[in-house]
Structures are given as C-alpha cells and as structure tokens.
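Okay, structure first, notes after.
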Amino acid sequence: QQPVQSPQAVILREGEDAVINCSSSKALYSVHWYRQKHGEAPVFLMILLKGGEQKGHEKISASFNEKKQQSSLYLTASQLSYSGTYFCGTESNAGGTSYGKLTFGQGTILTVHP
Amino acid sequence: NAGVTQTPKFQVLKTGQSMTLQCAQDMNHNSMYWYRQDPGMGLRLIYYSASEGTTDKGEVPNGYNVSRLNKREFSLRLESAAPSQTSVYFCASSGGQVFDRGNTIYFGEGSWLTVV
C-alpha cells in the first residue's frame, strides 16, 4: 500500500522553511527521500534506517518514527534550487528481504519563489 | 560516470505494437528495477531483479515482460502496447548483497512512451 505524503503542495519564498511528511500503514525498515525536477529522474536525498542511522544530504534533515511508521523531511532556509517534487519511498520490514524494493508516495510539489 | 543508462528516451507506438526498453548500469549493482510514473501516482514498481538470472513481479506487472540479460542489463518489453501504458518509465539499480536493506537506489533518466 502506497505511503501517504502531506502536504500535496507547498509554496515558499526563498529563506523559508518547509516540512514534508510521509506516513505508512506498514512496518518499515527504511524511508528514502528523493527530489525530482520536471522532466528529470528522481535524485536521492536521504535514507533513514530503522535504528536511527541516516545517510544523505548535507543541507536537508529528516526524522523517522519507527513506531508510528512516519517520516518527515525538513527543508530549512529554502533556495530556488529546492523547487521540485519530493517523494518518499518506503522499504518494508516484513520477514525475509525486500530486495531493495521501494513503495513511493504520490509526491509533494515544492515551489520556491524569489 | 554513466550510472544507469536507458534507451530510448522518447518513443511513440501504435496500439498493438511491441517494443523493448533497454537499461544498463555500470555500478556493479545486484538489484535492478523498472518503475512507471504517471501524474499524481508517484512511481510504481513493474518488475524487479534481485540478482542476475532472477526476476519477479512488482505492483503493476500486467502487459510487461522483463529479461535480466546479465548483471549489467535489465530490459522491459511491451508485447502489445495499449494506451494505458502511456507513461514515463524509469530503470533503477541498487547495490549491496541480495539480502541487504537500506541501499540507495539510483535512477536512469527516464523513457517517455506514448501509445496512440
């Protein structure tokens, strides 16, 4: 089942902050965050693993609440280059292995104006 | 530094025609995937291959077949294209051992397919 992202869209001015949320109904091993510009491939931002490990971007932070199966992406002091669609991808914690398969949310469109 | 390369980038097909999307990665990754992306739907997994010689269905496999030709290459075939298969297709790969979790997934640049 697809994770649910909120909000669906955000409009900011440069320098403002934003939070994007991702919520799943399944137990999760990891949450992956991607940003996609129009007409381009999704670009990896960050992975949050069960147990608290994070790997990713220097200017973007995120949290992962394993008990609630929720993750939030924090974009601080936004820049014009932050504009794009943000996707969370969730990796199941079900028995066996996920083989790295991700289930993606529907996306959050972020627009940053000067 | 090619990463994940997929061809063609754009294709227009008539209903009922067949075609193959090619994908290759040069990162020595074990796992490869094909996703489709439709407006408002995010990315949905069509098929994946956990290792050379294995393939398995994802969320939306109907109307597609795949081949993991070797460790580098993973192709997606539409045997009889339908307008519902109009979409953007992304190939992706991830590294680590087969049973690893938490590996970064790298995407190709996408293939825009229109079926008329």
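Top line first, the protein sequences correspond to chains E and X.
Each number in our numbering corresponds to the 1-based position in the first sequence with 19 added.
Each number in our numbering corresponds to the 1-based position in the second sequence with 649 added.
We put the CB at the ideal spot given by N, CA and C, even for glycine.
query = On the premise that residue 35 of chain E lies in contact with residue 97 of chain E, defined as a C-beta separation below 8 Å, what is that separation, rounded to the nearest angstrom?
reply = Contact between residue 97 of chain E and residue 35 of chain E holds: CB atoms are separated by about 6 Å, below the 8 Å threshold.
inquiry  = Strictly under 8 Å for the Cβ-Cβ distance: is residue 126 of chain E near chain X by that measure?
reply    = At a cut-off of 8 Å between beta carbons, residue 126 of chain E contacts chain X.
ask   = Apart from the five residues just before and just after residue 93 of chain E, which ones in its own chain have a Cβ nearer than 6 Å to its Cβ?
value = If we look at residue 93 of chain E and ignore the five residues flanking it on each side, its Cβ neighbours are 38, 80.
ask   = What whole-angstrom Cβ distance do residue 27 of chain E and residue 104 of chain E have, given they're in contact under 8 Å?
value = Taking 8 Å as the upper bound for CB-CB distance, residue 27 of chain E and residue 104 of chain E are not in contact here, some 10 Å apart.
query = Is the segment 661–668 of chain X touching the segment 702–714 of chain X in the sense that three or more CB pairs, one from each, lie closer than 8 Å?
reply = Touching, no.
query = For residue 686 of chain X, does the three-state DSSP call read helix, strand or coil?
reply = Of the three classes helix, strand and coil, the one that applies to residue 686 of chain X here is strand, per DSSP.
ask   = Taking Cβ to Cβ, would you say residue 724 of chain X is nearer than 8 Å to residue 669 of chain X?
value = Yes; because the gap between Cβ atoms is below 8 Å, this pair is in contact.
message = Can you pull the chain X neighbours of residue 39 of chain E, defined as C-beta to C-beta under 8 Å?
response = Near residue 39 of chain E there are no residues of chain X at all, since even the closest Cβ is about 13 Å away, more than 8 Å.
request  = Tell me whether residue 653 of chain X is buried or exposed, calling it buried when 16 or more other Cβ atoms sit within 10 Å of its Cβ.
outcome  = When all chains shown are included, residue 653 of chain X counts as buried.
Residue 90 of chain E to residue 729 of chain X span [Cα, whole Å] = If I take the Cα positions, the gap works out to 40 Å.
ask   = Given that a residue counts as buried once 16 or more other Cβ atoms are within 10 Å of its Cβ, and exposed if not, what is residue 676 of chain X?
value = Flag for residue 676 of chain X reads exposed.
request  = Verify whether the separation of the beta carbon atoms of residue 717 of chain X and residue 698 of chain X is less than 8 Å.
outcome  = In contact: residue 717 of chain X and residue 698 of chain X (Cβ atoms closer than 8 Å).
inquiry  = Just verifying my parser: in three-state terms, what is the DSSP assignment at residue 729 of chain X?
reply    = Residue 729 of chain X carries a coil assignment under DSSP once its states are collapsed to helix, strand and coil.
key: Nearest to residue 43 of chain E (by Cα), restricted to the options E/29, E/95, E/63, E/21   = Nearest in C-alpha terms to residue 43 of chain E, of all of E/29, E/95, E/63, E/21, is E/21.
Per-residue burial, residue 54 of chain E [other beta carbons within 10 Å of its own, 16 or more giving buried] = It counts as buried.
query = Hey, does residue 667 of chain X have any beta-carbon neighbour from chain E nearer than 8 Å?
reply = Answer no: the Cβ-Cβ gap between residue 667 of chain X and chain E never drops below 8 Å.
request  = Could you confirm whether any beta carbon from chain X is found closer than 8 Å to the beta carbon of residue 121 of chain E?
outcome  = The beta-carbon of residue 121 of chain E is placed less than 8 Å from the nearest beta-carbon of chain X.
message = Can you give me the C-alpha to C-alpha distance between residue 708 of chain X and residue 31 of chain E, rounded to a whole angstrom?
response = Computed Cα separation, rounded: 34 Å.
task = Name, please, each residue of chain E whose Cβ falls closer than 9 Å to the Cβ of residue 758 of chain X.
result = By Cβ distance, chain E contributes 59, 60.
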